[in-house]
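Here is the structure we will look at, set down as structure tokens.
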Amino acid sequence: MVDHSLAAAVNEAGYSNVEGVGRTETSALYRAAATDGTAVEVEEFNIPLAPAAVHEVNKQAAHLGATRLPGVFAPLACGVTGEGRLFVVREAAAGTPLGEVARERFATEGHFNAAEVLNLLTPAAEAIDAYAAAGTSSFVSRSITLEHMLAQPGCASAPVKMSSVGPTPQAAGASALHNRVRFIELVSDLTGQPIDPKVVERTGTCANYLRALAGEPVEGSASRRRAILPAPPSRKARDTPREEKSPSGPWPWVIAVLALLLLALAALWWWSISRGDAWEGAEAEIQQTYPDLVSERQGGKGWKGLRCESSTPQPGQEAKIRCADAETGVSVAKYTSATERNSGLPGVDKAVPLGSGACMINSFQVPGATPPAFVMAPVDHADYRILINGDNAEEDRLALPLCG
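Per this note's numbering, numbering through the sequence shown is continuous, rising by one, with the last residue being 455.
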């Protein structure tokens, strides 16, 4: 059922016939129609916006529909409902998750080579770079995953397009650097090759990284990237052309020093992403509670080699960590209390009890989830909840290292 507040806001944005189609962990998904009858996707987020954020959403809405990029299902409009919730209207997403395509490829032919990844991901990479240049990296921060990248039919303008693009209530921590790191890691997963720090160092964009891996020239892409999306009005002063001067006098040695500094910064950046930041606060408590499940540091590999990253907590949660690869995902959430943890669970009579002695776990299957998903509610850690999803989730949940 569609609440009146959302329907009214979407109608005001120029779309009609809003119908519910599903939910994610943080939002509800709807289908609607544009004035020409074209189907669009509407996402309404669960968490109401702070009053200060509403003004920012209104500013973003003015720029959303200006440009279409081949590598994304484009956001068309956004706004705030009468109840203070952010909604985003975007092109209706369709296609096969790249993770599914990758699993089939790995099983039959092995990993992709660099040229194949260049062909697959260049439009998506250029879109990530374009949003970075426009100062809106947060629009694609959650889209750089094998499940949000959707493979398209052969006749499509882009082999792969990113879904779930647009503003979100939790966009504050997103950055162009963070997005680039995630993209480089995703490419490594597809090729099965380790990340080459020399290639990272000499390429400044996602698209250039793909070109360099495939042995193609990387010159000239930065100017194209800047032109794809208009920068926000507040950045015009920085974009004012400046008169170029040829190096003379002291400038050559100054430039040399700057080059050395940039190389040092690049090395430091690479060291930091390879090593990973330490978990802090409640996230550190999660890692200490389940050290065999969650990696020792952010971005590291945990149980079964799953890469672990900080995830946005939902209402009632103190913190959440997500560990995932192309096949399996595990989310570990720490709640503010056992009452909050249990509030969204069915009764114990619906649970499948697992474990023994001091380590008992109630397991619940998530109805209708594709791929299959199971919620694990430990009895000994009553403020924790673990979600595992994937084609083999039913079997994998039995091997989760939840008992010390």
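Where a beta carbon is used, it is the ideal one built from N, C-alpha and C, also for glycine. Since we're looking at a predicted model, the values are computed, not measured.
Nearest-angstrom Cβ-Cβ length linking residue i and residue j, presumed shorter than 8 Å
{"i": "R233", "j": "A377", "result": "About 14 Å separates the two Cβ atoms, so there is no contact after all."}
{"i": "G217", "j": "P126", "result": "4 Å"}
{"i": "R45", "j": "A370", "result": "Any property of residue 45 remains undetermined from this structure, which presents the chain solely from 52 to 455."}
{"i": "H199", "j": "S214", "result": "5 Å"}
{"i": "R448", "j": "S414", "result": "6 Å"}
{"i": "E94", "j": "F138", "result": "7 Å"}
{"i": "L100", "j": "V108", "result": "7 Å"}
{"i": "W354", "j": "D343", "result": "6 Å"}
{"i": "L438", "j": "V426", "result": "5 Å"}
{"i": "F163", "j": "T242", "result": "6 Å"}
{"i": "P268", "j": "Y341", "result": "About 46 Å separates the two Cβ atoms, so there is no contact after all."}
{"i": "L149", "j": "A202", "result": "6 Å"}
{"i": "A375", "j": "R358", "result": "7 Å"}
{"i": "A58", "j": "T173", "result": "About 39 Å; that fails the 8 Å criterion."}
Segment limits, beta strand (DSSP E) that includes residue i
{"i": "T379", "result": "T379 to Y386"}
{"i": "Y81", "result": "S78 to A84"}
{"i": "L357", "result": "Note, L357: premise wrong, no beta strand (DSSP E); not H, not E."}
{"i": "E334", "result": "Looking at the DSSP string, E334 is not in any beta strand (DSSP E); the run it does join, the alpha helix (DSSP H), is G332 to T340."}
{"i": "E92", "result": "A90 to P99"}
{"i": "L201", "result": "M200 to A202"}
{"i": "I372", "result": "Q368 to A375"}
{"i": "V216", "result": "Careful: V216 lies outside any beta strand (DSSP E) and carries neither H nor E."}
Residue span of the alpha helix (DSSP H) that contains residue i, given as start and end
{"i": "A183", "result": "A165 to A184"}
{"i": "L389", "result": "At residue 389 the sequence reads Ala, which differs from the Leu that was named. A389 to S394 is the span of the alpha helix (DSSP H), which, as asked, contains A389."}
{"i": "S239", "result": "A227 to T242"}
{"i": "P248", "result": "P248 to R253"}
{"i": "L57", "result": "H55 to E63"}
Local Cβ density within 10 Å of residue i, reported as buried at 16 or more and exposed below that
{"i": "N443", "result": "exposed"}
{"i": "N62", "result": "exposed"}
{"i": "P245", "result": "exposed"}
{"i": "S346", "result": "buried"}
{"i": "T132", "result": "buried"}
{"i": "D328", "result": "exposed"}
{"i": "K212", "result": "buried"}
{"i": "R136", "result": "buried"}
{"i": "R74", "result": "exposed"}
{"i": "G388", "result": "The residue asked about is misnamed: residue 388 is Ser in this sequence, not Gly. That one is exposed."}
{"i": "V123", "result": "buried"}
{"i": "T187", "result": "buried"}
{"i": "G441", "result": "buried"}
{"i": "A420", "result": "exposed"}
{"i": "V152", "result": "buried"}
{"i": "K401", "result": "exposed"}
{"i": "V191", "result": "buried"}
{"i": "P364", "result": "buried"}
{"i": "E86", "result": "Looking at the sequence shown, residue 86 is not Glu but Thr. Exposed, by the Cβ-count rule."}
{"i": "K249", "result": "exposed"}
{"i": "V381", "result": "buried"}
{"i": "E177", "result": "buried"}
{"i": "S362", "result": "buried"}
Secondary structure of residue i, DSSP reduced to three states
{"i": "A153", "result": "helix"}
{"i": "L261", "result": "helix"}
{"i": "A145", "result": "coil"}
{"i": "L312", "result": "With a pLDDT of only 40 at L312, under 50, the local geometry of the prediction cannot be trusted, and no value is derived from it."}
{"i": "E70", "result": "strand"}
{"i": "C454", "result": "coil"}
{"i": "F138", "result": "strand"}
{"i": "P102", "result": "helix"}
{"i": "A128", "result": "strand"}
{"i": "V108", "result": "helix"}
{"i": "V191", "result": "helix"}
{"i": "A329", "result": "strand"}
{"i": "V345", "result": "coil"}
beta-carbon residue i near the ligand ZN non-hydrogen atom, thresh 6 Å
{"i": "V72", "result": "For the ligand ZN, the structure offers nothing, since it holds no ligand at all."}
Cβ of residue i within 7 Å of any chain C Cβ
{"i": "A207", "result": "The chain labelled as chain C is not found in the depicted structure, where only one protein chain is given."}
Q.
Restricting to runs no shorter than 3 residues, where is the beta strand (DSSP E) found entirely within the region 393 to 452?
A. Taking 3 residues as the shortest admissible run, the region 393 to 452 contains the following complete beta strand (DSSP E) segments, listed from N- to C-terminal end: 403 to 407, 410 to 416, 424 to 429 and 435 to 441.
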